[in-house]
Structure formats: C-alpha cells, structure tokens
Amino acid sequence: TQAPVNVTVTGAAGQIGYALLFRIASGQLLGQDVPVKLRLLEIPQAVKAAEGTAMELEDGAFPLLAGTDIFDDPKQAFEGTNIALLVGARPRSKGMERGDLLEANGGIFKPQGEAINAGAADDIKVLVVGNPANTNALIARSHAPDVPAERFTAMTRLDHNRALAQLAKKLGVPVTELRKVAIWGNHSATQYPSVQHAEFGGKSIADAVDQAWLENDFIPTVAKRGAAIIEARGLSSAASAASAAVDHVYTWVNGTPAGDWTSAAVASDGSYGVPEGLISSFPVTAENGRYKIVQGLEIDDFSRARIDASVAELVEERDTVQKLGLI
Ligand code: NAI
Numbered sequence: 017t018q019a020p021v022n023v024t025v026t027g028a029a030g031q032i033g034y035a036l037l038f039r040i041a042s043g044q045l046l047g048q049d050v051p052v053k054l055r056l057l058e059i060p061q062a063v064k065a066a067e068g069t070a071m072e073l074e075d076g077a078f079p080l081l082a083g084t085d086i087f088d089d090p091k092q093a094f095e096g097t098n099i100a101l102l103v104g105a106r107p108r109s110k111g112m113e114r115g116d117l118l119e120a121n122g123g124i125f126k127p128q129g130e131a132i133n134a135g136a137a138d139d140i141k142v143l144v145v146g147n148p149a150n151t152n153a154l155i156a157r158s159h160a161p162d163v164p165a166e167r168f169t170a171m172t173r174l175d176h177n178r179a180l181a182q183l184a185k186k187l188g189v190p191v192t193e194l195r196k197v198a199i200w201g202n203h204s205a206t207q208y209p210s211v212q213h214a215e216f217g218g219k220s221i222a223d224a225v226d227q228a229w230l231e232n233d234f235i236p237t238v239a240k241r242g243a244a245i246i247e248a249r250g251l252s253s254a255a256s257a258a259s260a261a262v263d264h265v266y267t268w269v270n271g272t273p274a275g276d277w278t279s280a281a282v283a284s285d286g287s288y289g290v291p292e293g294l295i296s297s298f299p300v301t302a303e304n305g306r307y308k309i310v311q312g313l314e315i316d317d318f319s320r321a322r323i324d325a326s327v328a329e330l331v332e333e334r335d336t337v338q339k340l341g342l343i
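Quick note on numbering: the sequence shown equals residues 17 to 343 in my numbering.
As structure tokens, then:
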C-alpha cells in the first residue's frame, strides 16, 4: 500500500477550510486510491475550533484519511509536507489601505515560505488561496529559494469555473462541451476572463456571442462574482472556493485532458509580455505533475489591453511588497 501524502492546510478552522477538508479526506484532491494525512495550521486562538473540525473528520471514517494533526507553528505544520494549501490570510478591514493589507499578509506568508523552504518534502506543491493570492504567493516563494519557483501557484480556478458556468448558461450547453476558456492576470476585479480561443462543441465561442455581451455582462459578472456572493449570502464564497482548490491540485497532479487547458496563476517565464517571475494567471496545461503556460497563442487587441491592465496591477503589488522589504 502507498504511503500517505502529507497535505498541509492553513486557515483550517475558517470557512473554506471547513468545506475543503472533507473534500480532501474523501479522496477528491489526489484521486480515489491515494491515502492522505492532514496537517492543519491555525493561529493559537483558532486551534480549538480546528480540533472540533478534526473530530468531525474522524467521525467521517474516511477510508483514505490516515490521520489529522493540528499545529500553530508553521515550521512543524510544513515538516515533510507534499502539498500545501495556503488558505489562511489577513482579510481587508474597514479603512485598510492596499499597502497595509499587503504588509499584514507579508507577516503571514514570509514565515510560511521560510518554513516550506526549511522542511517541506522535495516534491512540495504550493497553492495560495488566501488573498491577495498572487502577491501572497510571490512573498512566500521569495522566502523559499531552495524550492523551484514553478511550485508556487495561486488560485484563479474559481474564476475559471465561474467563467465556464456563465458560458454554459448563455450557450445552453453543459460545461463539458466547453474548451479553452482562460483567466489572465490577477485574481482581482481586473482579471481578464477570455473567450478569444474558446470553443463549444468544436465551434468558436467568440463567434457565437456578441462583443457587447462579453464586455458588459460576461467579464464583469465573472470578475465581480465574489462580491455578488457576499451580497447574497452575507459571507464570502467558501464551498465553491474549496471546490476550485481541489480542482487546481487534482489537475496539477493528474493532468489536463488532450485538447483543453485550464487556468492557474503561475510564475511567468516572460510569455505574453508578462514580466518574468510575476505570479499571473495564464491558460495552462498540466502534465507529469507540472503546470505549463500554453505557448504561441495569438492575442488580439482587446485581449492585449485587458491582460496589460491586470498585469500592471500585479506589477504595482509586487513593487509595493518590494518597497516594504517583504520580497
Ligand atoms: P475565514 O476568515 O473564514 O478563515 C481564515 C482562517 O485563517 C481563520 O480561521 C484564521 O484563524 C486563519 N488564519 C489567519 N492567519 C493565519 C495564519 N497566520 N496561519 C494559519 N491560519 C491563519 O476566511 P475564508 O472564507 O476561509 O477565506 C480564506 C481566504 O481565502 C481569504 O483570504 C479569502 O479572501 C480567500 N479567498 C480566495 C479565493 C480565490 O479564488 N483565490 C476565493 C475565496 C476566498
């Protein structure tokens, strides 16, 4: 029998953690035959709540769950870990400036990057969910110089899934018919959900919908969906975010199907004019446990302007954390 894969989840007692841990325990993160061992990281005040969740995980009697350990020290939580899901982050409070938010998150993602560098397994894969996800991933990565840069990713899979759902509804087809939708840039309101290369049942989506719908409906609906969920639910998206995190890791490990791609924020290699090293969302394929940016796509003028605007925001965030000495 296979040794369990160690999965560290930070912010384990939070909303996303509550939805995510049960999906992992049931075997959906890696596949139905892979045992997992959970390592939960929380701040000291939330350890008791995490213990309650661990009791419920035990009560699930999940065949693939080899155990759950709880930590309030990142060094211990990331020791020997194979997959790290960095969900816990500092939310923006009233009146907080972007710089303050980045600084507060630097206090979380710097020590976590250091702990990953010091103790994680050689095959460590990191997904940052906690916002601002792209720049938090950049901070963590810059404190883990011994880990290959490609192992640090941030989540735009929820945006990708939201885009698929909106398109399926508009076109009246199941999501399984859709191919080559892409999220570009930052996981923020500036993101660019693109259908330039997208297909449904082998036909071009861009030809089947009008540009006004794309600009005035589709793009803002996807980019502002998080706010719409808060407005309706009184709480931010949690189960859909957990589901997207499961999708991101499952694809990373098990690959993308032939003829399709997905979206993830990964280290730029300079493709499409995105400055090298920036953690930006791209259309990506996965093979042999590696995400790769899809190469050689033609970018039309509309897409160019949208990608550049979102990447400019990422550059600004990077410059801010650089000035703050966080990277
Ligand atoms: P939450 O507030 O319910 O839970 C966050 C948890 O993180 C809390 O239990 C808190 O104690 C913990 N935490 C804070 N600092 C920590 C640290 N240093 N180490 C370990 N744990 C720590 O928040 P929720 O709803 O679970 O969301 C988590 C994050 O995910 C937020 O930043 C949110 O904005 C982000 N998010 C990202 C999405 C994406 O698509 N990338 C989608 C939805 C949410």
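Glycine included, each C-beta is placed from N, C-alpha and C at the ideal position.
Bear in mind that the values here come from a model prediction, so they are computed numbers and not experimental data.
DSSP, read as helix, strand or coil, puts F94 in coil. Between the beta-carbon of L56 and that of A65 there is about 10 Å, and that puts the pair past the 8 Å contact cut. In this structure, DSSP gives N152 a helical state, which the three-state scheme calls helix. A distance below 7 Å separates the beta carbons of R178 and V238. In chain order, L57, P127, Q128, A131 place their CB closer than 7 Å to the CB of P90, counting only its own chain and leaving out the 5 sequence neighbours on each side.
A distance of 7 Å or more separates the beta carbons of A254 and I40. Residue side-chain check: T26 places its Cβ nearer than 6 Å to a non-hydrogen atom of the ligand NAI. Counting of Cβ neighbours within 10 angstroms places V52 among the buried residues, the total reaching 16 or more. Per DSSP, the unbroken beta strand (DSSP E) holding V52 starts and ends at 52-57. Taking 6 Å as the cut-off, the C-beta of N147 counts as close to a heavy atom of the ligand NAI. Note: A100 is bridge-paired with T24, V142 in the DSSP secondary-structure output. Here the distance from the Cβ of H213 to the nearest heavy atom of the ligand NAI is not below 6 Å. By the neighbour-count criterion, in which 16 or more other beta carbons inside 10 Å mark a residue as buried, V145 falls on the buried side. For S296, the enclosing beta strand (DSSP E) starts and ends at 295-303.
Looking only at L37, A29, A77, the smallest Cα-Cα distance to Q61 is reached by A29.
Short note on V50: C-beta not closer than 6 Å to any heavy atom of the ligand NAI. The secondary-structure analysis by DSSP pairs P107 with nothing; it has no beta-bridge partner.
When distances are taken from the beta-carbon of Q31 to the heavy atoms of the ligand NAI, the shortest one is below 6 Å. For R306, the enclosing beta strand (DSSP E) starts and ends at 306-309. If you ignore the 5 residues before and after I59, its C-beta comes within less than 8 Å of the C-beta of D88, G104, all in its own chain and listed in chain order.
For K141, the number of other beta carbons within 10 angstroms of its own is at least 16, and it is reported as buried. I315 carries a coil assignment under DSSP once its states are collapsed to helix, strand and coil. Membership of T192 in any alpha helix (DSSP H) is not indicated, and neither H nor E is assigned to it by DSSP.
Secondary structure at I343: coil, using DSSP grouped into helix, strand and coil. At a cut-off of 6 Å, the beta-carbon of S253 counts as near the ligand NAI: some heavy atom of the ligand is closer than that. Take the alpha-carbon of G305 and the one of S279: they are about 15 Å apart. Note that the C-beta distance between S296 and V290 is below 7 Å.
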